[in-house]
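Step one of this worksheet: look at the structure below.
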Amino acid sequence: MANTNLSHVKEFILLGFSDLPNLQSILFGIFLCIYINILIGNGLIIVITKSNATLQTPMYFFLSNFAFLEICYTSVTLPRMLSDLWTQNTIISFLDCAVQLCFFLILVISESLLLVVMAYDRYVAICKPLYYTIIMNHKVCVQLVVASWITAVPILIGQTYQIFSLPFCGPTRLNHIFCDIYPILQVACGDTSMSEILIYLDVGLFGIVPFLLICGSYIKIIVAILKLPSAIGKSKAFSTCSSHLMVVGLFFGSGIIVYLQPKSSHSAGSDKILSLFYTTLTPLCNPMIYSLRNKDFIINEFRNPELIDICLKELIIFT
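The opening residue of the sequence shown carries number 0 in numbering that gives the first Met the number 0; numbering runs sequentially from there.
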């Protein structure tokens, strides 16, 4: 097996939750409910923001794109995880594993960049309100969203190819719930230092830099909010921004911890738990954080009481 290379590796084994054999059915039910709620909650945000004329603003445009992105990148991992739990067949082909990793990385980085765009939108709205409609016109909003989606695509496709070009030796068992970078590197033989260096560069460029930009934006936003004369204005501004900061904290906190650790320091158990935070918890909480906390979204923007009741019932499923 020491000489096993790219051409001979046909499949990997995702161990997932195999160490909990008596809980497979329960875990399947839990993750199925989570996935359905993610689809319903984020889907409602998309439908509502697109169907209501009063929500055709940059903030809700970015929010609907963020909800769509949450659905996409959750769908890269959860359906496969559900299939493994249901069928007990945890074998994934070499190509499927590479495709899953590539799409997962692209969508995660897209979310990171889109969170920066959303922070910039709030910065302009609060710190430069007189120029908001000029700066954040529809063309600029579309360009920012497209840039968030495609900026890192060539880099991540190249990195995925580089990782899967490594030779693999020993049992190709990935002690994780989906094909992620470090579980794959742990079953690779030979020198993986270049791959680890590239990971750190990516985390710095697409993780730490966006996080610092968001923090910088919100420092300026907080300073501007504190200068507002109206207590009601302060409360509304803080409410809108705190929703975004909660999502940022959940997403970047768990993601940066996972990918900044050296390969030798990774624990399979902690990695699984942390990965569940940014692959399931953030998409699950997104509708509740952005919608249930946003009174304008629920009350002022909907004129049909029955629609309000239906939406609240669907969103309250999360609790």
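Glycine residues also receive a C-beta, built at the ideal position from the N, C-alpha and C atoms.
Test item: CB-CB of residue i and residue j under 8 Å
{"i": "L77", "j": "T279", "result": "yes"}
{"i": "I162", "j": "I180", "result": "yes"}
{"i": "F60", "j": "L113", "result": "no"}
{"i": "L84", "j": "F177", "result": "no"}
{"i": "Y258", "j": "I198", "result": "yes"}
{"i": "V123", "j": "Y131", "result": "yes"}
{"i": "Q23", "j": "F16", "result": "yes"}
{"i": "D201", "j": "Q158", "result": "yes"}
{"i": "L14", "j": "T89", "result": "yes"}
{"i": "L204", "j": "S194", "result": "no"}
{"i": "L173", "j": "F11", "result": "yes"}
{"i": "V8", "j": "F93", "result": "yes"}
Reduced DSSP secondary structure (H/G/I, E/B, other) of residue i
{"i": "L14", "result": "coil"}
{"i": "A124", "result": "helix"}
{"i": "F250", "result": "helix"}
{"i": "I297", "result": "Low confidence applies here, because I297 scores a pLDDT of 48, under 50, leaving its location unreliable and the question unanswered by this model."}
{"i": "A187", "result": "strand"}
For residue i, the first and last residue of its enclosing alpha helix (DSSP H)
{"i": "I90", "result": "Premise fails: I90 lies in the beta strand (DSSP E), 90-92, not in any alpha helix (DSSP H)."}
{"i": "Q329", "result": "The question about residue 329 has no answer, for the chain in this structure spans 0 to 318."}
{"i": "H175", "result": "Counting along the chain, H175 falls outside any alpha helix (DSSP H), and DSSP gives it neither H nor E."}
{"i": "T76", "result": "57-86"}
{"i": "T132", "result": "131-134"}
{"i": "K9", "result": "That residue, K9, is in no alpha helix (DSSP H); it is neither H nor E in DSSP."}
{"i": "I207", "result": "Premise fails: I207 is in no alpha helix (DSSP H) and is neither H nor E."}
{"i": "T281", "result": "281-286"}
Segment contact flag, the region 107-126 with the region 243-251, C-beta cutoff 8 Å, min 3 pairs: yes
The region 57-66 / the region 29-45 touching (three or more Cβ pairs under 8 Å): yes
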